[in-house]
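Heads up: the sequence shown runs through residues 2 to 226, numbered per the numbering used here. For reference, the structure is listed below as structure tokens.
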Amino acid sequence: MWCIPPKQNADFVAHMEDVLSVYARPYDPKRPVVCMDEKPFQLLGELFMPIEMSETNHIKKVDCEYVRKGTCSIFMFTEPLGQWREAHALPQRRCQDWAAQLKWLIDERYADVEKIVLVMDNLNTHSISSFYKQFSPEEAFRLSQRLEIHYTPKHGSWLDIAEIELSALSIQCLENRRIPSIEELNTILQAWAASRNNSQKGVQWHFTTADARIKLKHLYPIIEM
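Rendered as structure tokens:
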């Protein structure tokens, strides 16, 4: 959810300032800041064969009817200062799926770094405990020690830069089209990420803790002296 509480909220403020302090860090290739998020996606197939429009060579939908092909979950990872992002579609979003995705991030994408500074929301599967549901205690502990985790506030996913990437993905690739299978969706996700990475799309985050203490002053508890 993209929400700002209507009144004083110390918990929101504490998590917000923590995330903003992470975004203010200078780029460190040995301790990259990586944001992750996920979203559900409805797979849809055609009920009737589309008709090709001869003059424009575009596809015209026969009508608005479609066939439901199930749902899946899109996992998004992005390193804002590293100008990199990647998305994977999986059939489910279980604890084990999150753990497997993080193992890929740790052991393959960032195998040579000292530690990954991970920003994400408080979804119930986004927890170190998920490692212990998927791997041996030794492996779960090893993976957990490679992470420095910072959680966005409850209902404050607008502070997760991976949300920006998911929004760009949805607008550029997923809206107004029917994708019938996870395999086809993953092909689309890979092509989108490669194109965006090759064009060196980074994220410049301008909202700071100083800004928050002015613009969101109503969120901060009033201290009685």
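Think of the CB as a built atom: it goes at the ideal place given N, C-alpha and C, for glycine as much as any other residue. Owing to the predicted nature of the structure, the values given are computational and were not obtained by experimental measurement.
Return yes when the C-beta of residue i is under 7 Å from any heavy atom of the ligand ADP, and no when it is not.
i    : result
Q135 : Absence of the ligand ADP is noted for the structure shown, with no ligands found whatsoever.
Using CA atoms only, rank isn't needed, just tell me which of the options is closest to residue i.
i    : options                : result
S137 : A112, L217, A100       : A100
E184 : S74, E18, D108, V20    : S74
E80  : L21, D98, V35, Q205    : V35
R241 : M226, Q205, A213       : Any question about residue 241 goes unanswered here, given that the chain covers just 2 to 226.
Y111 : E39, K31, P222         : K31
G157 : V14, S22, K8           : V14
T188 : Q84, A88, Q9           : A88
D108 : V23, D161, A141        : A141
T153 : S145, I224, I162, D29  : I162
E70  : K216, I180, Q146, F208 : The amino acid occupying residue 70 in the given sequence is Lys; Glu does not appear at that position. The shortest Cα separation from K70 among K216, I180, Q146, F208 belongs to I180.
A144 : K155, L119, S168, W159 : Position check: residue 144 holds Leu in this sequence, whereas Ala was assumed. The candidate whose alpha carbon is nearest that of L144 is L119.
R147 : P92, E176, I129, F76   : I129
Alpha carbon to alpha carbon, what distance is there between residue j and residue i?
i    : j    : result
Q43  : E166 : 18 Å
H151 : E66  : 43 Å
K40  : L170 : 11 Å
R197 : M226 : 52 Å
S182 : H219 : 46 Å
G1   : T72  : The structure shown has nothing for residue 1, since the chain only spans 2 to 226.
V20  : R214 : 14 Å
V114 : Q97  : 24 Å
P92  : I224 : 48 Å
P7   : L217 : 10 Å
Y28  : Q135 : 32 Å
L190 : I5   : 31 Å
Measure how close the beta-carbons of residue i and residue j come, nearest whole angstrom, since I'm counting them as under 8 Å.
i    : j    : result
E149 : K202 : The Cβ separation is near 25 Å, so there is no contact.
R86  : A194 : 6 Å
L124 : F78  : About 15 Å separates the two Cβ atoms, so there is no contact after all.
L45  : V68  : 7 Å
E47  : T210 : Not really, about 50 Å apart at Cβ, beyond 8 Å.
L175 : A90  : The pair is not a contact, with the Cβ atoms about 11 Å apart (cut-off 8 Å).
With a threshold of 16 other CB atoms inside 10 Å of the CB of residue i, please say whether the residue is buried or exposed.
i    : result
M121 : buried
Q102 : buried
E164 : buried
V63  : Confidence at V63 is low in this model, with a pLDDT of 49, below 50, so the placement of that residue is unreliable and no value is reported for it.
P222 : exposed
R94  : buried
S200 : exposed
N177 : exposed
S168 : exposed
H127 : buried
H16  : buried
D12  : exposed
D212 : exposed
Helix, strand or coil for residue i, going by three-state DSSP, please let me know.
i    : result
Y28  : coil
V21  : Note that residue 21 is Leu in the sequence shown here, rather than Val. Helix.
T209 : coil
P92  : coil
R110 : helix
C174 : helix
Q201 : coil
D38  : strand
E87  : strand
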